[in-house]
Every structure is written in structure tokens, then in C-alpha cells.
């Protein structure tokens, strides 16, 4: 009888460990991958630096044209970067939600075929 209790205990432990690994640990992996990817993209888009120098003149040209072109070019760069970042975050979210749904889909398929 102790063997059966031990086997059941290990069985439920393995199931809870699997779901902990699948849901909790995968959140850390996906979020770390997303932030790492966005940091790499920030080297290309320079989103943070562009916002910091948003109202500075372009190439230190302190004329009206320098201020105007600096504002316009930085505005376009920030908007393109923002749209790209939002697209990537939504894409990562869709992939992560699909990842979360895999075990639930498998359990659904098992019960659908059984009953």
C-alpha cells in the first residue's frame, strides 16, 4: 500500500512540476527573450535616445530648418519604431498564448476522444 501511495504522490508531483515548468518558467523565458530582442532592436532604432533628443536640432544645426527637420525626422523615427515595437510585442504575446494553450488543447483532445 505504501508503494501505491508513493507512486501516486510522484505522479501528481510530476504533473504539478510539469505545469509549473510549462507556465511559470516559460513566462520568464519568453519575457527575457522579448526584452533581450527589444534591447537589440533599440541599438538600431535608438528609440530612447531619439525621444531624449526629440526637440534638439538635427546635426546641431541651430537654424529654423535644423529644428524643423530634426523634429520631423525624429517624429517619423519614433513612430516607425513604436509601430514596430508594438507589432513585435503583439507577435510575442500571440506566440506565448499559443504556447500556453498547447497543454490545454492536448487535454481537451484526450477527453473529447474518450467521452
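In my numbering, the protein residues as written are 151 to 265.
All residues carry an ideal CB built from backbone N, CA and C; glycine is no exception.
Which of helix, strand or coil DSSP assigns to residue 206: coil
What residue range is occupied by the uninterrupted alpha helix (DSSP H) comprising residue 170? Neither: residue 170 is in no alpha helix (DSSP H) and is coded neither H nor E.
With respect to the alpha helix (DSSP H) encompassing residue 251, which residues constitute its N-terminal and C-terminal limits? 214-264
For residue 176, which residues of its own chain have a beta-carbon under 7 angstroms away from its beta-carbon, when the five flanking residues on both sides are left out? 249
Residues of its chain near residue 197, where Cβ-Cβ distance is below 6 angstroms and the 5 sequence neighbours each way are ignored: 231
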